[in-house]
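Position one of the sequence shown corresponds to residue 1 (full-length UniProt numbering), numbered consecutively onward.
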Amino acid sequence: MALDPFYPIFDSSVWLERLLPLGIRLVQLRIKDSDEQPLRAEIRRARELCARHQCQLIVNDHWRLAIEEGCDFVHLGQEDLDEADLAAIRQAGLKLGVSSHDEAELDRALAVRPDYIALGPVYPTILKKMKWEQQGLERLTTWKARIGDIPLVAIGGMNVERAPGAFAAGADIVSVVTDITLNADPEARVKEWIAATREYLR
């Protein structure tokens with residue numbers, strides 16, 4: 001299936017329950033610090049919610065649980081690639097997204113034949129401390145020229161106002177976190193995102 005150009009990331013199924021009914025079609029569940037049982041419960045709940053709302057779920061990092069819980073898409077950072085069993089992921093039929101931040105990481109991402117490649121941070125981000133400076137829109141254009149038909153995800157400091165520039169530079173998908181979760185009205189912001197990205201599809 002084609003991936004929707006609007007790609008929010010949330011750290012709890014509570015966000016999915018709240019916002020998926022607004023029309024989100026692609027979402028990532030990103031939970032970094034959790035014991036296995038509550039994490040499994042979150043992934044299971046997210047999968048059920050996404051099935052109910054015709055939304056594609058991507059599980060960040062936890063590929064074993066994603067396989068066991070019947071999910072079909074996992075996202076791995078470069079560090080995750082060190083320990084992930086890519087053969088098991090592919091054998092289970094999971095699609096794969098991979099992060100990249102520089103040329104060496106892009107080469108590594110391409111080598112695992114991903115279903116999308118993310119580039120970031122396009123703009124400065126408050127989500128997490130990173131050793132990379134902002135990539136800028138020109139890097140999106142360069143990355144897209146290299147990866148061809150593989151979908152390119154722009155992430156890092158993205159908001160509705162910056163999305164058109166990212167699409168124009170070559171991104172196929174724009175990923176967002178704090179522009180929604182820290183917004184005073186997350187529901188209204190999601191509606192703005194959906195309207196803006198549907199405009200891109202046209």
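Quick reminder that beta carbons are idealized off the backbone N, C-alpha and C, glycines included.
Would you mind reading off the limits of the alpha helix (DSSP H) that contains Q78? Stepping through the sequence shown from its first residue, residue 78 is reached at position 78. It spans Q78 to E83 - the alpha helix (DSSP H) in which Q78 sits, taken as one unbroken run.
Start-to-end residues for the beta strand (DSSP E) that takes in P8: By 1-based counting over the sequence shown, the position of residue 8 is 8. Residue range F6 to F10 is occupied by the beta strand (DSSP E) that includes P8.
List in chain order: all unbroken alpha helix (DSSP H) runs of 4+ residues lying wholly within the segment 66-117. Those alpha helix (DSSP H) runs which fall completely within the segment 66-117 and span 4+ residues are 78-83, 86-91 and 103-111.
Is it true that the segment 87-98 meets the segment 108-125, where meeting means three or more beta-carbon pairs spaced less than 8 Å apart? Taking a cut-off of 8 Å for Cβ pairs, the segment 87-98 and the segment 108-125 touch, as three or more such pairs fall below it.
Output the distance between the C-alpha atoms of L29 and W63, rounded to the nearest integer angstrom. Position 29 of the sequence shown, counted from the start, is the residue given in the question as residue 29. Position 63 of the sequence shown, counted from the start, is the residue given in the question as residue 63. Cα to Cα, L29 sits roughly 12 Å from W63.
Any alpha helix (DSSP H) of 4 or more consecutive residues that is wholly inside the segment 130-173: If you keep only unbroken alpha helix (DSSP H) runs of at least 4 residues inside the segment 130-173, you get 137-147 and 163-169.
Alpha carbons only, please: which of E103, Q78 and K144 is nearest the one belonging to A169? Numbered from its first residue, the sequence shown carries residue 169 at position 169. Of E103, Q78 and K144, the residue nearest in Cα terms is K144.
Would you mind stating whether R40 and E69 have Cβ atoms separated by less than 8 Å? Residue mapping note: residue 40 aligns to position 40 of the sequence shown, counting from 1. Residue mapping note: residue 69 aligns to position 69 of the sequence shown, counting from 1. Between R40 and E69, the CB-CB gap stays under 8 Å.
Inspect the beta-carbon positions of I194 and L22 and report whether they are closer than 8 Å. As a working mapping, residue 194 is identified with position 194 in the sequence shown. As a working mapping, residue 22 is identified with position 22 in the sequence shown. The answer is yes: Cβ separation under 8 Å.
Quick one: give me the first and last residue of the beta strand (DSSP E) that V177 is part of. As a working note, residue 177 is residue 177 in the sequence shown. Per DSSP, V177 lies in no beta strand (DSSP E) segment and is marked neither H nor E.
Just verifying my parser: in three-state terms, what is the DSSP assignment at I194? For the purposes of this step, residue 194 is taken as residue 194 along the sequence shown, with counting starting at 1. In the structure shown, I194 sits in a helix (DSSP, three-state: H, G or I).
If distances are taken between C-alpha atoms only, which option among D179, N159 and L106 comes closest to L152? Translated into the one-based positions of the sequence shown, residue 152 becomes position 152. Ranking the options by Cα distance to L152, first place goes to L106.
Taking the alpha helix (DSSP H) that Q56 falls in, what are its first and last residues? As a first step, residue 56 is located in the sequence shown; it is residue number 56 there, counting from the start. No alpha helix (DSSP H) contains Q56, which is instead part of the beta strand (DSSP E) from Q56 to N60.
For V122, name the three-state secondary structure that DSSP assigns. Working through the sequence shown from its first residue, we reach residue 122 at position 122. When secondary structure is reduced to three states using DSSP, V122 falls in the coil class, being assigned neither helix nor strand.
Close beta carbons around E36, own chain, < 8 Å, minus the five adjacent residues each side: Numbered from its first residue, the sequence shown carries residue 36 at position 36. If we look at E36 and ignore the five residues flanking it on each side, its Cβ neighbours are L65.
Kindly indicate the opening and closing residues of the beta strand (DSSP E) around L26. Translated into positions along the sequence shown, residue 26 becomes position 26. Segment L26 to L29, the beta strand (DSSP E) holding L26.
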